[in-house]
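For the sequence shown, the UniProt record's numbering assigns the number 1 to the initial residue and increments by one for each residue that follows.
Where a beta carbon is used, it is the ideal one built from N, C-alpha and C, also for glycine.
Everything below concerns the one structure shown next.
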Amino acid sequence: MAQWDSRRDKNMNLYVKYAQKGEEKKQRSNTSDNRATYDADEKKPKKKKAKQKTKTQSTCPNEESSTQYISNEFEAQKNSLSNFKTEVDKLAMQLKNNHVNDEKLSKTIDQVKKKNDRLQNELTDVHMSSMRNNLILYNIPENETDLCSNVVLEFCGKNLKIENPADKIIICDSFRLGKKIEKIDQSL
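As structure tokens, then:
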């Protein structure tokens with residue numbers, strides 16, 4: 001800022017010097033105008049003053065135009081800086097909003113995880129309670145024509161020595177697990 005002030009002071013000093021020189025020349029020309037030659041037709045002095053005024057006037061507009069140019073450039077830079085500040089403020093606000101949204105999403109994800117864990121535990125409990133009355137028997141020979149429930153009752157009577165298993169055991173549903181075993185032709 002001090003640099004601009006010193007330039008402005010120099011420009012003002014130059015302007016004052018040019019103005020003073022112009023005044024001195026004007027005063028000299030006024031004294032010389034008394035002795036100036038006159039046009040024969042109009043009896044008016046020749047235009048020596050006009051040239052001198054033009055010279056002093058030409059320095060003033062240049063001075064003013066350069067000052068105006070500097071002022072315009074300063075305003076343009078000021079506007080540009082203001083636009084940058086506005087843009088940075090907008091980005092800061094968006095970042096803040098994104099941070100708030102991230103926090104909301106993380107809370108929601110935590111809630112969904114907790115609910116999922118709870119549902120998984122409930123499903124396991126339901127599955128275990130439904131299997132409470134189930135019985136799985138292994139290594140029972142497979143027969144295509146027999147019903148699974150009859151095979152189970154027969155197994156309980158013969159191998160487990162339960163008397164009248166059909167009266168004591170209630171079978172709601174029975175089936176074989178796994179793939180059906182194909183018999184290999186032993187005649188080969």
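How many Å lie between residue i and residue j at the Cα?
i, j, result
"residue 112", "residue 121", "14 Å"
"residue 116", "residue 81", "52 Å"
"residue 90", "residue 130", "59 Å"
"residue 110", "residue 103", "11 Å"
"residue 167", "residue 155", "14 Å"
"residue 101", "residue 124", "34 Å"
"residue 163", "residue 127", "32 Å"
"residue 140", "residue 161", "16 Å"
"residue 93", "residue 64", "43 Å"
"residue 106", "residue 114", "12 Å"
"residue 83", "residue 77", "10 Å"
"residue 97", "residue 87", "15 Å"
"residue 72", "residue 108", "54 Å"
"residue 159", "residue 132", "23 Å"
"residue 99", "residue 119", "30 Å"
"residue 54", "residue 62", "Confidence at residue 54 is low in this model, with a pLDDT of 47, below 50, so its placement is unreliable and the value that follows should be read with caution. Cα to Cα, the separation comes out at about 12 Å."
"residue 75", "residue 69", "10 Å"
Quick one: using the 10 Å Cβ neighbour count with 16 as the cut-off for buried, is residue i buried or exposed?
i, result
"residue 39", "Here the model assigns residue 39 a pLDDT of 47, short of 50, so the residue's position is not dependable and the matter cannot be decided."
"residue 153", "buried"
Can you tell me the Cβ-Cβ gap for residue i and residue j, rounded? I've got them flagged as a contact below 8 Å.
i, j, result
"residue 165", "residue 178", "Contact flag wrong, Cβ pair sits at about 24 Å."
"residue 142", "residue 176", "7 Å"
When the cut-off is 9 Å and only beta carbons count, does residue i lie next to chain C?
i, result
"residue 96", "In the displayed structure, chain C is absent; only one protein chain is listed."
Inspect the CB distances between the segment 134-154 and the segment 169-176 and report whether three or more fall short of 8 Å.
yes
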